Structures are given as C-alpha cells and as structure tokens.
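Numbering (UniProt numbering), first residue to last: 4 to 348.
Beta carbons are placed, not taken as given, at the ideal position from N, Cα and C, and that holds for glycine.
Everything numeric in this text was worked out from a predicted model, so none of it was measured.
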Amino acid sequence: KTFCRSLPKIELHAHLTGSLSDATVLRLLHAKRQEGVVDLPDSAEVVLKRGHNRTLKECFEVFRILHCLTDNLVALRTITRDVIREFVEDNVQYLELRTTPKVIIGKMTKEQYIETVLDVIGEEMKANITIRLLLSVDRARGVDDAWDTLRVTKQYMSQEKYKNLICGLDISGNPNVGDLCDYIPVLEAARKDGLKLAVHVAEVLNEKETLHVLKSGLVSRVGHGSYIHHKCGGTHEMVNLVKNFSIPIEICISSNIKSGTVKSISDHHFQHWWKEGHPVIICTDDKGVFNTSLSEEFQMCAETFKLTHDDLCELCLCAVDSTFLPRNERDELRKTMQQKLQHLR
Ligand code: 5GP
Numbered sequence: 004k005t006f007c008r009s010l011p012k013i014e015l016h017a018h019l020t021g022s023l024s025d026a027t028v029l030r031l032l033h034a035k036r037q038e039g040v041v042d043l044p045d046s047a048e049v050v051l052k053r054g055h056n057r058t059l060k061e062c063f064e065v066f067r068i069l070h071c072l073t074d075n076l077v078a079l080r081t082i083t084r085d086v087i088r089e090f091v092e093d094n095v096q097y098l099e100l101r102t103t104p105k106v107i108i109g110k111m112t113k114e115q116y117i118e119t120v121l122d123v124i125g126e127e128m129k130a131n132i133t134i135r136l137l138l139s140v141d142r143a144r145g146v147d148d149a150w151d152t153l154r155v156t157k158q159y160m161s162q163e164k165y166k167n168l169i170c171g172l173d174i175s176g177n178p179n180v181g182d183l184c185d186y187i188p189v190l191e192a193a194r195k196d197g198l199k200l201a202v203h204v205a206e207v208l209n210e211k212e213t214l215h216v217l218k219s220g221l222v223s224r225v226g227h228g229s230y231i232h233h234k235c236g237g238t239h240e241m242v243n244l245v246k247n248f249s250i251p252i253e254i255c256i257s258s259n260i261k262s263g264t265v266k267s268i269s270d271h272h273f274q275h276w277w278k279e280g281h282p283v284i285i286c287t288d289d290k291g292v293f294n295t296s297l298s299e300e301f302q303m304c305a306e307t308f309k310l311t312h313d314d315l316c317e318l319c320l321c322a323v324d325s326t327f328l329p330r331n332e333r334d335e336l337r338k339t340m341q342q343k344l345q346h347l348r
C-alpha cells in the first residue's frame with residue numbers, strides 16, 4: 004500500500020464530478036442547506052451509499068444528484084480545486100481531468116463553466132502537478148450539444164491565457180443511450196482542430212458501435228474497452244484494430260466492478276492487454292463515486308494480477324507515452340518520472 008502511494012503516478016481518466024470526495028460532497032450539501040434549498044436528496048443517501056456496487060443506471064442517477072449540488076460557479080471552483088488537491092496528495096504528477104461543460108440558465112454558460120475550470124487549473128499548477136483538461140461530450144445529450152461543446156472548446160484553445168491547457172475531447176455519458184456512430188463527424192472536426200480524442204468505447208457490449216468507432220481511426224485512447232478483447236466478449240477484429248492503431252486503453256477496475264460492467268476482478272480485461280504488452284493505463288474514472296484512489300487501483304491490480312514493484316514502476320513510466328502532451332512536454336515528464344522512480348526501483 005505504501006509503495007503504491009509513493010509511486011509517482013499519471014492519471015488520464017478522471018471525471019471531475021465523479022471524483023468528488025465525501026468531504027467535498029458534505030460541504031456542498033451544507034452550503035445548499037444554508038441557502039435554504041430544501042428539495043435535496045438526503046445526505047445519507049448520497050454519501051453513505053457511495054462506493055457501493057450499483058448498476059450503471061444507478062451510477063447515472065448519482066451523477067444527476069451530484070450535478071444538482073454543483074450547479075453554480077462557486078461550487079465548480081471548489082470542486083475543481085478539491086479534486087486537484089486530492090490527486091496531488093495521492094502523488095499524481097500529471098493529471099488529465101475531464102468534465103462536461105454545462106449550461107444552467109441564470110447560473111452558468113458553457114463558456115463560464117470552461118473558464119472557471121481552466122482558471123482553477125492554472126492556479127493549482129503552481130503545486131507539484133501538471134494538469135490538462137479534456138472537455139467531455141455527453142452522448143445522451145445529442146449531436147447538436149456536442150457541436151456546441153466543440154465550438155466553445157475551440158474558443159478557449161485559441162486564447163493565449165489558456166493556451167495548451169486543453170488537450171482533448173472525451174465522449175462519455177450513459178453507454179446505453181444514443182449511438183456513438185452519430186458523433187463521428189464531430190470527432191473528425193475535433194481532430195482537425197488539433198484535439199486528441201479519448202472515447203468511451205465498448206464499456207458495454209455493442210459490436211456495431213465498437214467496430215465503427217475503432218475503424219474510424221480517430222480515437223487516440225479508449226476509455227474502458229471492456230468488450231474489445233476476444234477473451235472478454237469482443238472479437239479478433241476489434242483487437243487487431245486497437246493493436247494496429249496502437250490505441251492505449253484506460254483501465255478503471257473499481258468502476259467496472261462496482262457498476263457491474265465487468266463480472267469480477269479476476270475476469271478483468273487488463274490482464275490480457277498487459278500480457279500482450281499493449282499500452283494500458285491504470286485510472287480511477289470516478290474516485291468519489293467508486294470510493295477509491297489511484298494508489299488503491301494500483302494496489303488492487305498488483306494483488307490480483309501478481310504484479311511486481313518493477314511492473315508497477317513500468318506502468319507509471321509507460322503512461323507518459325499515452326498522455327496527450329506534445330512531444331517536448333512528454334520528454335520532460337518522462338525525465339521527471341524516471342528520476343522519481345529511480346528511488347523506488
Ligand atoms: P462531469 O462531466 O459532470 O464532470 O462528470 C460526470 C459525468 O461523466 C457523468 O455525468 C457522465 O456523463 C460521465 N461519466 C462518469 N463516469 C462515467 C463512466 O464510468 N462511464 C461513462 N460512459 N460516463 C461516465
């Protein structure tokens with residue numbers, strides 16, 4: 004456990020709202036009650052059941068509740084700062100945070116949402132961490148909303164103050180709603196605009212969608228990919244596409260087990276990709292909702308799949324190659340990671 008904590012780590016798949024700790028959620032609830040908001044879910048319901056197993060549908064209900072608590076720019080500032088600081092505490096050296104810009108009439112525009120998150124990222128980068136932002140497209144909200152998110156994202160990419168802080172676009176949201184194939188034109192445009200793409204693919208079994216998206220050649224990293232490997236319900240064709248395009252896979256074990264998309268940890272697809280030497284990155288997904296930390300994800304993975312200390316160091320170092328940083332910044336990060344890992348090997 005201590006070893007995993009001391010590892011200098013890279014987090015590439017963390018949703019802002021899903022990452023809220025219990026302490027932050029309690030503070031938000033308190034603030035809402037102070038404001039006199041009464042129609043809030045009971046705190047016990049939100050907090051005490053956190054980390055328990057739930058169906059994917061129930062997870063999205065939890066996100067809805069969390070979004071009610073974070074429906075203003077003050078709360079957004081607080082949660083962004085808290086989440087970043089918690090990752091710093093867990094010895095995360097480089098963080099790619101992702102979040103869905105929201106419009107709440109009378110309270111925030113997408114522009115204000117993005118600007119607030121970027122401002123906090125800029126402030127917190129003074130600490131011992133490098134942070135980049137991916138803007139999330141929620142597949143349940145439709146393609147028009149995705150185009151709108153891309154439009155606003157481009158506005159901030161070109162601003163000197165925020166230059167380089169935005170590194171990509173994510174497609175997430177309930178995998179049982181909507182069709183990823185409809186989003187291909189948005190992905191093509193985003194790539195042309197210089198954004199890298201992290202897409203939730205094959206989180207649930209969906210052969211048609213998975214093949215279509217993988218064949219597009221647009222995806223820079225796969226989120227989850229639970230049903231891609233032929234030993235886990237996918238097909239050889241899917242595996243070949245992932246390998247031929249060298250698409251790293253973001254692995255979120257607690258999330259997959261607790262939301263029931265993967266049956267048990269010993270069945271987890273991590274092992275197959277890892278054995279085959281394919282790039283995998285251990286991530287948290289939603290450290291708050293699934294009551295975990297990046298160190299705990301490393302520990303769980305090490306215990307289940309009998310990874311040595313050297314294997315864990317290798318996983319940390321190889322994650323550098325899967326970041327959305329430009330080459331020179333990757334090289335810098337690799338050097339820092341190598342130096343820090345030297346003391347642990
Ligand atoms: P936010 O974008 O509000 O900061 O973070 C929460 C959102 O991220 C959720 O509403 C959902 O759209 C997305 N999300 C978080 N975890 C998952 C996950 O495990 N799978 C998918 N498909 N989407 C997720």
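Mind checking which residues open and close the beta strand (DSSP E) that includes Ala17?
-> Locating residue 17 in the sequence shown gives position 14, where the first residue counts as 1. First-last of the beta strand (DSSP E) with Ala17: 12 to 18.
Exposed or buried, what is Thr311 when buried is set at 16 or more other beta-carbons lying within 10 Å of its beta-carbon?
-> The residue you call residue 311 lines up with position 308 of the sequence shown. Exposed, by the Cβ-count rule.
Taking the runs of the beta strand (DSSP E) that are 3 residues or longer, which of them lie wholly in the stretch 152 to 196?
-> With a minimum length of 3 residues, the continuous beta strand (DSSP E) runs that stay inside the stretch 152 to 196 are 169 to 175.
Output the distance between the C-alpha atoms of Thr152 and Ile169, rounded to the nearest integer angstrom.
-> Your numbering for residue 152 matches position 149 in the sequence shown. Your numbering for residue 169 matches position 166 in the sequence shown. If you take the alpha carbons of Thr152 and Ile169, they lie about 13 Å apart.
Anticipated Cβ contact below 8 Å, Leu328 with Leu344, distance rounded | Position 325 of the sequence shown, counting from 1, holds the residue named residue 328. Position 341 of the sequence shown, counting from 1, holds the residue named residue 344. That pair is no contact at about 18 Å.
Which residue comes first and which comes last in the beta strand (DSSP E) that contains Arg144?
-> Here residue 144 refers to the residue found at position 141 of the sequence shown. Element bounds for Arg144: n/a, residue is neither H nor E.
Return yes when the C-beta of Leu19 is under 7 Å from any heavy atom of ligand 1, and no when it is not.
-> Numbered from its first residue, the sequence shown carries residue 19 at position 16. At least one heavy atom of ligand 1 is nearer than 7 Å to the Cβ of Leu19, so yes.
If Arg333 and Thr326 are in contact, beta carbons under 8 Å, what's the gap, nearest whole angstrom?
-> Counting from one through the sequence shown, the residue named residue 333 turns up at place 330. Counting from one through the sequence shown, the residue named residue 326 turns up at place 323. Indeed they touch by this definition, with Cβ atoms about 6 Å apart.
Residue(s) in a DSSP beta bridge with Gly226 = In the sequence shown, residue 226 corresponds to position 223, counting from 1. Answer by DSSP bridge pairing, in chain order: His203, Glu253.
Count the C-beta pairs between the stretch 63 to 72 and the stretch 84 to 95 that are closer than 8 Å, then say yes if the count reaches three, no if not.
-> The answer is no - the stretch 84 to 95 does not touch the stretch 63 to 72, with fewer than three Cβ pairs under 8 Å.
Alpha-carbon spacing of Ile108 relative to Asp289, whole angstroms = Here the question's residue 108 lines up with position 105 in the sequence shown. Here the question's residue 289 lines up with position 286 in the sequence shown. If you take the alpha carbons of Ile108 and Asp289, they lie about 26 Å apart.
Among Val202, Gly181, Gly263, nearest to Thr58 - alpha-carbon criterion = Here residue 58 refers to the residue found at position 55 when the sequence shown is read from its first residue. The option with the nearest alpha carbon to Thr58 is Gly263.
Residues near Leu198 in its chain [Cβ-Cβ closer than 6 Å; skip 5 each side] = By 1-based counting over the sequence shown, the position of residue 198 is 195. The residues are Gly171, Leu172.
Would you say the beta carbon of Phe66 comes nearer than 7 Å to a heavy atom of ligand 1?
-> As a working mapping, residue 66 is identified with position 63 in the sequence shown. Indeed, a heavy atom of ligand 1 lies less than 7 Å from the Cβ.
Opening and closing residue of the beta strand (DSSP E) in which Arg101 lies | Here the question's residue 101 lines up with position 98 in the sequence shown. Unbroken beta strand (DSSP E) run through Arg101: 95 to 102.
Just to confirm, does Gly39 get its C-beta within under 7 Å of one of the non-hydrogen atoms of ligand 1?
-> Locating residue 39 in the sequence shown gives position 36, where the first residue counts as 1. Checking every heavy atom of ligand 1 against the Cβ of Gly39, none is found closer than 7 Å.
Which residue from Ile284, Gly291, Phe308, Met303 puts its Cα closest to that of residue 435?
-> Residue 435 lies beyond the residue range present for the chain, which begins at 4 and ends at 348; the question has no answer from this structure.
Own chain partners of Ser298 with C-beta closer than 8 Å, once the 5 adjacent residues on each side are dropped | Locating residue 298 in the sequence shown gives position 295, where the first residue counts as 1. Once the five neighbours on either side are set aside, the close Cβ partners of Ser298 are Lys4, Cys7, Arg8, Leu10, Lys12, Asp93, Asn94.
On the three-state DSSP scale, how would you describe Arg67?
-> Position 64 of the sequence shown, counting from 1, holds the residue named residue 67. Assigned with DSSP and collapsed to three states, Arg67 falls in helix.
Residue of Arg330, Glu317, Ser258 minimising C-alpha distance to Asn56 | One-based indexing of the sequence shown puts residue 56 at position 53. Comparing Cα positions, the closest option is Ser258.
Cα-Cα separation between Leu69 and Val242, rounded to whole angstroms = By 1-based counting over the sequence shown, the position of residue 69 is 66. By 1-based counting over the sequence shown, the position of residue 242 is 239. Roughly 36 Å separates the two Cα atoms.
With 16 as the cutoff for other CB atoms within 10 Å, does Lys35 come out buried or exposed?
-> Counting from one through the sequence shown, the residue named residue 35 turns up at place 32. Burial call: buried.
Hey, would you say the C-beta of Glu212 is under 7 Å away from at least one heavy atom of ligand 1?
-> Position 209 of the sequence shown holds residue 212. Not so, every heavy atom of ligand 1 lies at least 7 Å from the Cβ.
Mind checking whether Thr83 and Leu19 have CB atoms under 8 Å apart?
-> The residue you call residue 83 lines up with position 80 of the sequence shown. The residue you call residue 19 lines up with position 16 of the sequence shown. Taking 8 Å as the Cβ cut-off, Thr83 and Leu19 qualify as a contacting pair.
What residues are listed by DSSP as bridge partners for Met111?
-> By 1-based counting over the sequence shown, the position of residue 111 is 108. Per DSSP, Ile107.
Output the distance between the C-alpha atoms of Ile256 and His272, rounded to the nearest integer angstrom.
-> Counting from one through the sequence shown, the residue named residue 256 turns up at place 253. Counting from one through the sequence shown, the residue named residue 272 turns up at place 269. If I take the Cα positions, the gap works out to 9 Å.
Starting from the Cα of Pro188, find the closest Cα among Val180, Leu121, Ile174, His239 and give me that residue.
-> What you label residue 188 is simply residue 185 of the sequence shown in a count that begins at 1. The residue with the shortest Cα to Cα distance from Pro188 is Ile174.
Does the Cβ-Cβ distance between Ile260 and Gly228 come in under 8 Å?
-> Translated into positions along the sequence shown, residue 260 becomes position 257. Translated into positions along the sequence shown, residue 228 becomes position 225. No, the Cβ-Cβ distance between Ile260 and Gly228 is not below 8 Å.
Could you tell me the distance, in whole angstroms, from the CA atom of Arg337 to the CA atom of Arg154?
-> Position 334 of the sequence shown, counting from 1, holds the residue named residue 337. Position 151 of the sequence shown, counting from 1, holds the residue named residue 154. Each residue's alpha carbon lies about 33 Å from the other.
In its own chain, which residues sit with a C-beta less than 6 Å from the C-beta of Phe308, not counting the 5 before and 5 after it?
-> The sequence position of residue 308 within the sequence shown is 305, counting from 1. Excluding sequence neighbours, Phe308 sits near Gln274.
Residue range of the alpha helix (DSSP H) that Ile132 falls in?
-> Taking the sequence shown and counting its residues from 1, the one referred to as residue 132 is at position 129. It is not in any alpha helix (DSSP H) - Ile132 carries neither H nor E in the DSSP assignment.
To the nearest angstrom, report how far apart Asp324 and Leu15 are at their CA atoms.
-> Sequence index remark: in the sequence shown, residue 324 carries index 321 (1-based). Sequence index remark: in the sequence shown, residue 15 carries index 12 (1-based). So the alpha carbons of these two residues sit roughly 11 Å apart.
Candidates Tyr116, Pro178, His232, Gly280: which alpha carbon is nearest Tyr159's?
-> Along the sequence shown, one-based indexing puts residue 159 at 156. The shortest C-alpha separation from Tyr159 is found at Tyr116.
Cα-Cα separation, Met111 to Thr73 | Taking the first residue of the sequence shown as 1, we reach residue 111 at position 108. Taking the first residue of the sequence shown as 1, we reach residue 73 at position 70. In this structure, the alpha-carbon of Met111 lies about 11 Å from that of Thr73.
Going by DSSP, what residues sit across from Ile285 in a beta bridge?
-> Position 282 of the sequence shown, counting from 1, holds the residue named residue 285. Answer is Ile254, bridged to Ile285.
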